[in-house]
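Below: one structure, written as structure tokens.
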Amino acid sequence: MSKNKLDFFDKVYKVVAKIPYGKVTTYGAIAEVCGIKSSARTVGWAINGAKESGLPCHRVVNRNGELTGKLHFGDPNLMEELLRNEGVEFKNNGRVN
Numbered sequence: 001m002s003k004n005k006l007d008f009f010d011k012v013y014k015v016v017a018k019i020p021y022g023k024v025t026t027y028g029a030i031a032e033v034c035g036i037k038s039s040a041r042t043v044g045w046a047i048n049g050a051k052e053s054g055l056p057c058h059r060v061v062n063r064n065g066e067l068t069g070k071l072h073f074g075d076p077n078l079m080e081e082l083l084r085n086e087g088v089e090f091k092n093n094g095r096v097n
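Position one of the sequence shown corresponds to residue 1 (our numbering), numbered consecutively onward.
Below, the structure is given as structure tokens:
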């Protein structure tokens, strides 16, 4: 993996670590904060590689409020359970409100 990609991943991890309890953000918003607005997919790759790190990766959703990362948590319901336990509200269609 290139040094630039590792540096970007480190930036992603620092941003994810700062997502407050009970709040969510998007892959695209993280990419923008990290300085590369069009890198939402790369943010997803970084987060997928960090799911065992203790970072609150469950607080990252796609731009439509969908839990696209839920399959990476072992149990497909775990991401939603974690968010609900933090008080995050969902719409009837299963998206974050």
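Quick reminder that beta carbons are idealized off the backbone N, C-alpha and C, glycines included. All values reported here derive from a predicted model rather than from experimental measurement.
Straight-line Cα distance separating residue j from residue i
i	j	result
asparagine 85	glycine 22	8 Å
asparagine 48	threonine 42	10 Å
lysine 11	lysine 18	11 Å
arginine 59	lysine 37	19 Å
valine 33	arginine 63	15 Å
glutamate 89	leucine 78	15 Å
Beta-carbon separation (whole angstroms), residue i vs residue j, contact threshold 8 Å
i	j	result
valine 61	leucine 67	6 Å
alanine 46	phenylalanine 9	4 Å
First and last residue of the uninterrupted alpha helix (DSSP H) at residue i
i	result
isoleucine 92	The residue you asked about is not isoleucine; residue 92 is asparagine in the sequence shown. Here asparagine 92 belongs to no alpha helix (DSSP H), and DSSP marks it neither H nor E.
valine 33	27 to 33
Residue burial classification, residue i (beta-carbon count within 10 angstroms, cutoff 16)
i	result
lysine 70	buried
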